[in-house]
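The working numbering puts the first residue of the sequence shown at 662, with every later residue one more than the last.
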Amino acid sequence: MTLAIMGAMPEEIAPILKKLGTYKTTNYAGNKYYEATYKGMNLVLAYSKIGKVFSTLTAATLCEHFGAEKLLFSGVAGAISPKLKVGDLIVATQLTQHDLDITAFGHPFGYVPEGSVFVDADKEMIALSKIVAQEMGKPLQEGIIATGDQFVANEERKSWIGETFGADALEMEGGSVAVVCDALNVPFFILRAISDAADMDASFSFDEFLETSAVESAEFVMKMVDKLAKK
Ligand code: SAH
Numbered sequence: 662m663t664l665a666i667m668g669a670m671p672e673e674i675a676p677i678l679k680k681l682g683t684y685k686t687t688n689y690a691g692n693k694y695y696e697a698t699y700k701g702m703n704l705v706l707a708y709s710k711i712g713k714v715f716s717t718l719t720a721a722t723l724c725e726h727f728g729a730e731k732l733l734f735s736g737v738a739g740a741i742s743p744k745l746k747v748g749d750l751i752v753a754t755q756l757t758q759h760d761l762d763i764t765a766f767g768h769p770f771g772y773v774p775e776g777s778v779f780v781d782a783d784k785e786m787i788a789l790s791k792i793v794a795q796e797m798g799k800p801l802q803e804g805i806i807a808t809g810d811q812f813v814a815n816e817e818r819k820s821w822i823g824e825t826f827g828a829d830a831l832e833m834e835g836g837s838v839a840v841v842c843d844a845l846n847v848p849f850f851i852l853r854a855i856s857d858a859a860d861m862d863a864s865f866s867f868d869e870f871l872e873t874s875a876v877e878s879a880e881f882v883m884k885m886v887d888k889l890a891k892k
């Protein structure tokens, strides 16, 4: 089986590459892709760069060019739910694009014709993540993650996203990765560790906690990979 592990920023992928030790690096479509064998599986890793466009390109490349049969995303996010604090983990049940807006035509936010407001993540991997969380003794919240091409550092915008989509966290890549994987029938799993509260202090919190939160997420995703290897 070929498994893709994706992040948006170098910090999100570095802890996993470190764990793998040796890997082959290929330059493709303006990005680096890292391939390794791990516990009988082929892994292909990449960080896409930030935002929906770059993450779309990378997710599609991982699936179509590198033959990924499942995709796991590891990264950081801003919290909407007051229950989520810095370092906490959230697994996406559904993803949406909070900045997709053709409401002028009477459509809901996040919707375009022939698309859907929400895309479901793979239920099997979500179920597996609950087992992993239990085994690691780590609390894991599940919820809707909203994606947009904005670093949200504003209470008003954050509340609006929470109310409009029922979202618990927000970031800049999950929604686009979801659309790609759904269209290509590749089961996907999106995990995020909280780096900030998407409020006026978000950029400071992000800078302070990016690395530690990225490691939290990466460690959890590697435990997921271990479980998938045993299947
Ligand atoms: N510090 C970076 C920019 C980070 S953008 C630089 O200067 O280059 C934020 C990244 O973390 C995105 O990949 C996004 O998915 C995630 N993220 C974390 N907190 C976020 C927030 N409050 N709003 C949007 N994205 C957030």
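Even for Gly, the Cβ is constructed at its ideal location relative to N, Cα and C.
Inter-segment contact for the segment 676–696 and the segment 798–805 is absent: fewer than three beta-carbon pairs are separated by less than 8 Å. Rounded to whole angstroms, Ala665 and Glu730 show a C-alpha spacing of 8 Å. DSSP links Glu832 through a beta bridge to Thr808. Contact fails between the segment 860–873 and the segment 826–842, because fewer than three Cβ pairs, one in each stretch, are under 8 Å apart. Put simply, the segment 777–796 does not touch the segment 812–822. Fewer than three CB pairs are less than 8 Å apart. In the DSSP assignment, Lys746 falls outside any beta strand (DSSP E), carrying neither H nor E. With respect to the 8 Å criterion, Ala707 and Leu681 are not classified as neighbours on the basis of their beta carbons.
In this structure Met667 is buried. Its beta-carbon is surrounded by 16 or more other beta-carbon atoms within 10 angstroms. Distance from the Cα of Asp749 is smallest, within the candidate group Phe867, Ser856 and Asp887, for Ser856.
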